[in-house]
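In this note's numbering, the protein residues as written are 14 to 463. Positions of the beta carbon are idealized from the N, C-alpha and C atoms, including for glycine.
Structure, rendered in structure tokens:
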């Protein structure tokens, strides 16, 4: 019996039992839809997670800290404020260190993460806040791609500031856009020498006074910068040019180091961001910085762990989705066994006129594989449709809550091919027992069957 004859007989047999075939295919399609939907959810969540961070430019950024700036408990009591154990060199994160970082190969930019405590005043509004220093290069970062009103800084020397939309609404609840072009007052605690234009580190850090400057609001960002926006700008709704943040000699009341640092030590920073020319160079530059005695980490470290977590999530979702497919495979077995019972005499006739056991086995395996392929294609289509409906509903809700929308379900080609192929394999496995049972029928007994 040729392959064409085998396929023709298999299709004819399926066509003769249309209702049973349709119900069996429907069972397989539900199983595949469940499997494809679960996996596409995991893939979609991973794509959303990785995609948002990739667009933010965070994967080419390395955050550097000095061991001597670690909290006292982590460094051993108050030792974190001093020079560390005897005989051990403690790396300082100062301007000299920034120059060394900038000289490393594949490094395109280095800047300190400055957050200065200020008091923000506008008409009757007065609130203590932290002003974050933002470099001019941040105009290309994710959080600053979309402005609710206004635009980015024109240059780093202007007295300009950006507000998050949430902060703007706190200042002017009814017309936050009206703040663009208006001036706000920033006051901070500074040394008397710094207030007069002297270097930012005072000779006597206890000689303090209030300083004040007016800043023009030039833009209001749609969403507050966070881990997906700009390194060092997390949770800050008030942003000023980095050069201006450097000029402000503010004293953080929560930092004893800023009060007791020796004058000869010069200015040091809590953390620094090192930007490399591409994410693929992050690990190499990070290792070089660690060899210099600094603590360094990047989101690539977290991304590796996150990808492992998503792999586990995909496996769990696949197992959950496979339960429905396993149940539907029992339907294939039942359908094929019923077909054998109905066609026992037909099988006996085929064997009597020369049909071999392999011919009979192939007919039933082709029937099972056709059911699997049809169910796989229908299941993928059903899973995609259900995913789109759920995604639409979820986006409507998320948008109503002011959150970012996106595709929660992703159905790449490899998943489509894998789901159909998996349905094909499962159907063949499910049909192997009925096919073998049909092939073992004794032709004489089969011909006597009514």
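*Please say whether residue 426 and residue 56 have beta carbons closer to each other than 8 Å?*
Annotated as distal: residue 56 and residue 426, with beta-carbon spacing of 8 Å or more.
_Going by DSSP in three states, residue 350 sits in which element: helix, strand or coil?_
Residue state, collapsed to three classes: helix.
*Where residue 60 and residue 157 are concerned, what is the direct C-alpha to C-alpha distance, given to the nearest angstrom?*
Residue 60 and residue 157 have their C-alpha atoms some 22 Å from each other.
*Give every residue of the same chain whose Cβ lies closer than 7 Å to the Cβ of residue 397, excluding the five residues on either side of it in the sequence, and list them in chain order.*
Taken in chain order, the residues that qualify are 424.
*When 442, 403, 191 and 118 are compared against residue 298, the one with the closest alpha-carbon*: Closest in alpha carbon position to residue 298, among 442, 403, 191 and 118, is 118.
*Per-residue burial, residue 374 [other beta carbons within 10 Å of its own, 16 or more giving buried]*: Burial state of residue 374 is buried, judged by a 10 Å Cβ sphere holding 16 or more other Cβ atoms.
*What is the rounded straight-line gap between the Cα of residue 132 and the Cα of residue 178?*
Roughly 18 Å separates the two Cα atoms.
*Cβ-based neighbour list, residue 341, same chain, cut-off 6 Å, excluding 5 preceding and 5 following*: Sequence-distant Cβ neighbours of residue 341 in its own chain, meaning closer than 6 Å and more than five residues away, are 40, 41 and 44.
*With a CB to CB cut of under 8 Å and the five nearest residues on each side skipped, what residues in its chain are close to residue 412?*
Only 418 meet the Cβ criterion.
*asked:* For residue 145, tell me which candidate among 109, 176 and 434 has the shortest Cα-Cα distance.
replied: Closest by alpha carbon: 176.
*With 16 other Cβ atoms within 10 Å as the buried cut-off, status of residue 141*: A residue is called buried once 16 or more other Cβ atoms fall within 10 Å of its Cβ, and residue 141, having fewer, is exposed.
_Whether or not the segment 250-258 and the segment 188-195 are in contact is what I'm after, with contact meaning three or more pairs of Cβ atoms, one per stretch, closer than 8 Å; do they touch?_
No, they do not touch.
*asked:* Measuring straight from C-alpha to C-alpha, what distance separates residue 248 and residue 234?
replied: Confidence at residue 248 is low in this model, with a pLDDT of 47, below 50, so the placement of that residue should be treated as unreliable; the coordinate-derived value is given next. The straight-line gap from Cα to Cα measures roughly 13 Å.
_Are the CB atoms of residue 442 and residue 302 within a distance shorter than 8 Å?_
No. Outside cutoff.
*Going by beta carbon distance, what residues of the same chain come within less than 6 Å of residue 282, once the five residues before and after it are set aside?*
So the qualifying residues of the chain are 106 and 125.
*asked:* Tell me the DSSP secondary structure of residue 111 in three-state form.
replied: In the structure shown, residue 111 sits in a helix (DSSP, three-state: H, G or I).
*In the DSSP assignment, what residue or residues form a beta bridge with residue 284?*
Answer is 78.
*Extent of the continuous beta strand (DSSP E) run through residue 106*: Note, residue 106: premise wrong, no beta strand (DSSP E); not H, not E.
_Contacts around residue 269, its chain only, beta-carbon distance under 6 Å, and the 5 residues preceding and following it disregarded_ = Only weak support is given to the placement of residue 269: the predicted model assigns it a pLDDT of 46, under 50, and the question is left unresolved by the model.
*So, using beta-carbon positions, are residue 444 and residue 380 closer together than 8 Å?*
Contact annotation: residue 444 and residue 380 have beta-carbon atoms nearer than 8 Å.
_Using 8 Å as the threshold, is the C-beta distance between residue 386 and residue 436 below it?_
Taking the C-beta atoms as reference points, residue 436 is found nearer than 8 Å to residue 386.
*In terms of residues, what are the limits of the beta strand (DSSP E) holding residue 308?*
Here the beta strand (DSSP E) through residue 308 covers 308-311.
*Who are the near neighbours of residue 460 in its chain, counting only those whose CB is closer than 8 Å to its CB and skipping five residues on each side?*
The residues are 358, 361, 362 and 365.
*DSSP-derived helix/strand/coil call for residue 419*: The answer is coil: DSSP assigns residue 419 none of H, G, I, E or B.
*Contact check, residue 410 vs residue 346, beta carbons under 8 Å*: Not closer than 8 Å, so no.
_Other residues of its chain near residue 334: CB distance less than 6 Å, five sequence neighbours each side excluded_ = Excluding residues within five positions, the ones whose Cβ falls inside 6 Å are 47, 48 and 51.
*With a Cβ-Cβ cutoff of 8 Å, do residue 370 and residue 452 count as a contact?*
A contact, by the Cβ cut-off of 8 Å.
_Residue span of the alpha helix (DSSP H) that contains residue 364, given as start and end_ = Counting along the chain, the unbroken alpha helix (DSSP H) around residue 364 starts and ends at 357-365.
*Tell me, which residues are paired with residue 130 by DSSP?*
DSSP lists 143 as partners of residue 130.
*asked:* Taking the alpha-carbon of residue 115 as reference, which of 407, 287 and 332 has the nearest alpha-carbon?
replied: Ranked by Cα distance from residue 115, the first of 407, 287 and 332 is 287.
*Are residue 352 and residue 26 close, meaning C-beta to C-beta below 8 Å?*
Yes; because the gap between Cβ atoms is below 8 Å, this pair is in contact.
*With DSSP as the reference, label residue 225 as helix, strand or coil.*
Three-state DSSP puts residue 225 in a strand.
*Does the Cβ-Cβ distance between residue 404 and residue 422 come in under 8 Å?*
The Cβ atoms of residue 404 and residue 422 lie closer than 8 Å to each other.
*Beta-ladder partner(s) of residue 123, from DSSP*: Answer is 287.
_First through last residue of the beta strand (DSSP E) which encompasses residue 166_ = Run containing residue 166: none; DSSP gives neither H nor E here.
*asked:* Taking 8 Å as the threshold (beta carbon to beta carbon), is residue 347 in contact with chain B?
replied: Annotation note: the requested chain B is absent from the structure, which comprises a single protein chain.
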